[in-house]
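If you read the sequence shown in the working numbering, its first letter stands for residue 1073, the second for the next number, and so on. No residue lacks a Cβ here, since even glycine has one placed at the ideal position from N, Cα and C. Here the structure is a predicted model, which means the values were calculated and not measured.
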Amino acid sequence: MNFGVIGYGYWGPNVVRNLASLECSQVIAIAEMSPAARKRAQKAYPGIHITPDAADVISSAKIDAIAVITPVWTHYELAKAALENGKHVFVEKPFTSNVEQGEELINLAQRRNLKIMVDHTFLFTGAVKKIWQLLDEGTLGKLYYYDSTRVNLGLFQHDINVLWDLAPHDLSIMDYLIRASPEAIVATGQKHLNGYEDVAFMTLYFPEKIIAHINVNWLSPVKVRTTLIGGERRMLVWNDLEADEKVKVYDKGVKITNREGVYELLVNYRTGDMWAPQLEQVEALRQELSYFVECISNGREPFNDGCAGLRVIKMLEAASESLSKRGTLVYL
Ligand SMILES: NC(=O)c1ccc[n+]([C@@H]2O[C@H](COP(=O)([O-])OP(=O)(O)OC[C@H]3O[C@@H](n4cnc5c(N)ncnc54)[C@H](O)[C@@H]3O)[C@@H](O)[C@H]2O)c1
1073 MNFGVIGYGY
1083 WGPNVVRNLA
1093 SLECSQVIAI
1103 AEMSPAARKR
1113 AQKAYPGIHI
1123 TPDAADVISS
1133 AKIDAIAVIT
1143 PVWTHYELAK
1153 AALENGKHVF
1163 VEKPFTSNVE
1173 QGEELINLAQ
1183 RRNLKIMVDH
1193 TFLFTGAVKK
1203 IWQLLDEGTL
1213 GKLYYYDSTR
1223 VNLGLFQHDI
1233 NVLWDLAPHD
1243 LSIMDYLIRA
1253 SPEAIVATGQ
1263 KHLNGYEDVA
1273 FMTLYFPEKI
1283 IAHINVNWLS
1293 PVKVRTTLIG
1303 GERRMLVWND
1313 LEADEKVKVY
1323 DKGVKITNRE
1333 GVYELLVNYR
1343 TGDMWAPQLE
1353 QVEALRQELS
1363 YFVECISNGR
1373 EPFNDGCAGL
1383 RVIKMLEAAS
1393 ESLSKRGTLV
1403 YL
C-alpha cells in the first residue's frame, strides 16, 4: 500500500519509519512546510519524494492512503481533501477541532467507501491490551474507577490547551476499556503562561457508578504516567514509565456487610498477592499501522475509526465548556 505522509515534525518521523519498514506498506511522498524538517526527511529517506506542498501528495494517483501528522487545526482540511481525492486517511489525535468537522469526515468517508483511522496509539500497547483482557475476564470485577496522572514539564503547544493535547490519550483508553460513554463531565484548569490552560483536571461520570479522573499538566517538575484502575475484586496500577512490570495487579479489596439487627457496618479489608502480568513487547505504532493496512485490504472497519475519534472530541468539547464555566457539570 502506497502512503503519502503530511507533517514531519516531532511525531511524523515515527509514522514514516514504521510505514517504511512494514512489509505491507511504503511511503512514496512526504509533504512538510518547514525547510529544516524537509532537510531532515531528505537525509533520512533519499528515495522518497519530499515536497512543501500537501496538495502534491494528496492528488498523486500513485498514493492509496494519506497520514495526516500535523497540528489539530489542520486535520479537518487535510483529511477532507484526502478523502475527496479517494484516499484512505490515518489522522493524528485529536481527530478534529470540533464535532461538526468529525461528523463531516465520517460521512464523507462512508459515501466514498474509504477508511479513517484515528491514531490512538495507546490502544495498541501491551499494557492497554492486557488491562482490556483483565477487565474482560472479570479479574478486576465490576469497575469502580479510572484515575490517571499524565504530567511533565512541557511540551507546550501553541494552538491547543493541555486537555486537548494530553487528555485524548486517556479518553481513548477509557472509551476502549469502559465501553460506555460518559453521562456528564466536569473540567477545571488554569492558564499561566501562553493563554491556554497548562494545568487541568477532568472528572467523567460514566453509567453504573464508574467514575474517571484525569490530571494533565505541562508545569510539573517530574514526568508521571500513572493510572490506577479499581474494581470490586481487584485493583491495578499501570506505571507507563517502568521498563518492566508496567502493570501490577493487586488482590486487594473491601467488603462491607451489615450486621443483622445491629445496624452496624462491618468493613473487611482484604489484602492478597500482587502480580505483574507479562505484557506484549511491541512498538504500538507499528502494530497500529499494520492493522490499518490490513483493515483497508480486507474492507474491515478499524475499531479506532472516525467514530471512536469523534467520541473523544465530544468529551473534549464538553470538557471545554465546563472549563470555561469554572467546572460546571456538562451533560453529554
Ligand atoms: N499518537 C501520539 O502518541 C502522538 C504523539 C505526539 C503527537 N501526536 C499528534 O501528532 C500531531 C502532530 O504533532 P507534532 O508534535 O508532530 O507537531 P509538530 O509541530 O512537531 O509537527 C507538525 C509538522 O507538520 C508540518 N505541517 C503543518 N501543516 C502542514 C501542511 N499543511 N503541509 C505540510 N506540513 C505541514 C509542520 O511544519 C510541522 O513540522 C498532533 O495532532 C499531535 O497531537 C500524537
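Check: residue i C-beta below 7 Å from any heavy atom of ligand 1
i: W1083; result: yes
i: M1105; result: yes
i: G1174; result: no
i: K1165; result: yes
i: T1142; result: yes
i: I1286; result: no
i: N1126; result: Correcting the residue identity first, residue 1126 is Ala in this sequence and not Asn. Yes - ligand 1 has a heavy atom lying nearer than 7 Å to the Cβ of A1126.
i: I1078; result: yes
i: T1299; result: no
i: A1139; result: no
i: L1207; result: no
i: A1151; result: no
i: T1146; result: yes
i: T1193; result: yes
i: A1259; result: no
i: A1109; result: yes
Residue i classed as buried or exposed, judged by whether at least 16 other C-beta atoms fall within 10 angstroms
i: E1095; result: exposed
i: V1077; result: buried
i: K1111; result: exposed
i: K1134; result: exposed
i: V1321; result: buried
i: D1237; result: buried
i: S1106; result: exposed
i: G1381; result: buried
i: A1252; result: exposed
i: A1315; result: exposed
i: N1090; result: buried
i: Y1218; result: buried
i: I1328; result: exposed
i: S1392; result: buried
i: D1247; result: buried
i: D1242; result: buried
i: A1127; result: exposed
i: F1228; result: exposed
i: D1208; result: exposed
i: Y1148; result: buried
i: D1231; result: exposed
i: G1119; result: exposed
i: S1093; result: exposed
Per DSSP, the bridge partner or partners of residue i
i: F1162; result: A1139 and M1189
i: N1074; result: Q1098
i: N1287; result: T1221 and F1273
i: A1103; result: I1078 and T1123
i: A1108; result: A1108 is not bridged to any residue.
i: L1308; result: I1301 and V1321
i: W1347; result: V1321
i: N1340; result: K1327
i: T1168; result: BP columns for T1168 are empty, so no partner.
i: Y1403; result: A1256
i: V1296; result: V1223
i: D1377; result: M1189
i: Q1262; result: V1271
Reference residue i, options the options, closest by Cα
i: G1378; options: I1078, A1181, I1328 and Y1082; result: A1181
i: F1273; options: H1230, H1121, I1120 and N1287; result: N1287
i: C1367; options: T1329, A1348, A1137 and S1131; result: A1137
i: S1097; options: L1395, A1109, S1392 and F1364; result: F1364
i: V1296; options: R1305, G1302, V1309 and T1343; result: V1309
i: L1291; options: Y1268, E1280, I1283 and I1282; result: Y1268
i: N1233; options: L1313, P1143 and S1220; result: P1143
i: P1240; options: V1190, A1139, Y1277 and Y1080; result: V1190
i: R1014; options: G1261, L1225 and G1084; result: One cannot answer for residue 1014 here, as it falls past the ends of the chain, which runs 1073 to 1404.
i: R1183; options: L1243, E1156, G1084 and F1194; result: E1156
i: F1075; options: N1224, H1160 and K1263; result: H1160
i: A1139; options: N1289, K1115, A1101 and N1170; result: A1101
i: G1302; options: L1313, T1211, L1150 and R1358; result: T1211
i: F1375; options: S1132, L1177 and F1196; result: F1196
i: V1411; options: E1280, E1317 and F1162; result: The first residue shown for the chain is 1073 and the last is 1404, placing residue 1411 beyond what the model contains.
i: T1400; options: A1356, I1257, I1130 and A1348; result: I1257
i: P1254; options: G1084, T1275, L1338 and L1313; result: T1275
i: E1373; options: I1188, E1389 and K1165; result: I1188
i: G1174; options: E1389, G1226 and L1215; result: E1389
Discussion item. What ranges does the beta strand (DSSP E) occupy inside the segment 1215 to 1246, keeping only unbroken runs of at least 3 residues that lie completely in it?
Written reply: If we require 3 residues or more, the beta strand (DSSP E) runs fully inside the segment 1215 to 1246 come out as 1215 to 1225.
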